[in-house]
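Note sheet for the following structure.
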Amino acid sequence: MDLGRLGVWYPTDRLDAAGLRALLGVVEGHGYGTLWYPESTGYESIALAGFLLANSRRLAIGSSIANIYARDPFTARRALATLNRLHGGRFALGLGVSHVPLVEGVRGHRYDKPVPAMRAYLEGMRKGGKGAPEGKVLLAALGPRMLALAAAETDGAVPYNVTPEHTRQAAQALGPGKVLAVEQKVCVETDKARARALGRKELARYMVLPNYVNNWLRLGFTEADLAEGGSDRFIDAMVLSGDADAVKAGLRAHFEAGATHVCLQPVTEEGDVAARDAMIAALADT
1 MDLGRLGVWY PTDRLDAAGL RALLGVVEGH GYGTLWYPES TGYESIALAG
51 FLLANSRRLA IGSSIANIYA RDPFTARRAL ATLNRLHGGR FALGLGVSHV
101 PLVEGVRGHR YDKPVPAMRA YLEGMRKGGK GAPEGKVLLA ALGPRMLALA
151 AAETDGAVPY NVTPEHTRQA AQALGPGKVL AVEQKVCVET DKARARALGR
201 KELARYMVLP NYVNNWLRLG FTEADLAEGG SDRFIDAMVL SGDADAVKAG
251 LRAHFEAGAT HVCLQPVTEE GDVAARDAMI AALADT
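Okay, so the sequence shown: first residue is 1 according to full-length UniProt numbering, each after it adds one.
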């Protein structure tokens, strides 16, 4: 399975069926290797993957991430095998522990310690069949312990909301031969004030989640950087902005740090499909 050099990450819950088909056409038409999607409170991850695979021709489709509290390990393994058998081996299963509000508040489960919970889940997947799973299994790994688990037990990692410095650390932790597919938010916008305003709006939902906050503090951001919507330094690191050349340089920094794949997430006003598609087109040759 080839994820390609570049992918696109998109919050698919915002789109209906026609919108999803249009997005697939844009991403595939500009030569990207993979479309990545989340699992939050909208579309169910595996059902959505089937739709995306059925409505594309060559794109790899990756969950970023499928919530381990949403389905048992046996089901996850069978879902991975089913999608790959029926769609030419084009599905990558990114797994994550999600966050307390989504696990306990929405799903009604108890949120366990992330690394032991993920280790037990992967063990359950191994017990669910003979041999290796039929397709790539990747972890949403931020901290050193989850990265070590990804290196030891899976095909690699799909870090989210990170910097090239984190990418460097993750590449070292994973070692050679592993997938390191890094998400990076982008805004092709030369008005810095507008780009930062869009970035703050997009990041607000993540800045109340301890998993991300703790990782940002490990990366050298301060409590002050994360206060009042985020400092300019923090926002500029999380959302690359400027003209297309400036954004491309920021994306290339992840490759230079050891990423094997970078998936860009266009940051626009919600519903501004024209701006989204223009950014995807402008950055396709990074």
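Don't be surprised by glycine CBs; every beta carbon is placed ideally from N, CA and C.
As the structure is a prediction and not an experimental result, all values here were calculated from the model.
For residue i, the nearest candidate out of the options (CA to CA)
i           : options                   : result
V186        : V247, L203, G131 and P133 : V247
E189        : E123, G230 and M279       : M279
N161        : G250, A195 and L203       : L203
Q169        : T286, G258 and L226       : G258
A193        : L174, L147 and G242       : G242
A195        : E223, E256 and A275       : A275
S64         : A81, G129, L86 and Y10    : Y10
L24         : V97, L53 and H166         : L53
G4          : N55, L15 and F91          : F91
R85         : P210, V182 and M1         : M1
residue 293 : G42, Y32, A282 and G89    : Past the edges of the chain, shown from 1 to 286, lies residue 293, and the structure says nothing about it.
Whole-angstrom C-beta distance between residue j and residue i, which should lie under 8 Å
i    : j    : result
L180 : A157 : 6 Å
E39  : A70  : 7 Å
L83  : A49  : 6 Å
L59  : T34  : 6 Å
M118 : I68  : 7 Å
Residue i burial status per 10 Å Cβ neighbour count (16 or more: buried)
i    : result
T268 : buried
V208 : exposed
D155 : buried
N214 : exposed
R57  : exposed
L100 : Going by the sequence as given, residue 100 is Val instead of Leu. When all chains shown are included, V100 counts as exposed.
F201 : Sequence inspection shows Lys at residue 201; the Phe mentioned does not correspond to that position. Classification for K201: exposed.
Three-way DSSP call (helix, strand, coil) for residue i in this model
i    : result
E223 : coil
V247 : helix
G89  : coil
I68  : coil
S241 : strand
V208 : coil
L139 : strand
G7   : strand
L95  : strand
A259 : coil
S231 : coil
V158 : coil
A60  : strand
Min CB distance residue i to chain C below 8 Å
i    : result
E202 : Judged by its chain identifiers, the structure shown contains no chain C, having just a single protein chain.
Report yes or no: do three or more beta-carbon pairs, one from the segment 140-153 and one from the segment 114-131, lie closer than 8 Å? Taking one beta carbon from each stretch, the segment 140-153 and the segment 114-131 have 3 or more pairs nearer than 8 Å; the two touch.
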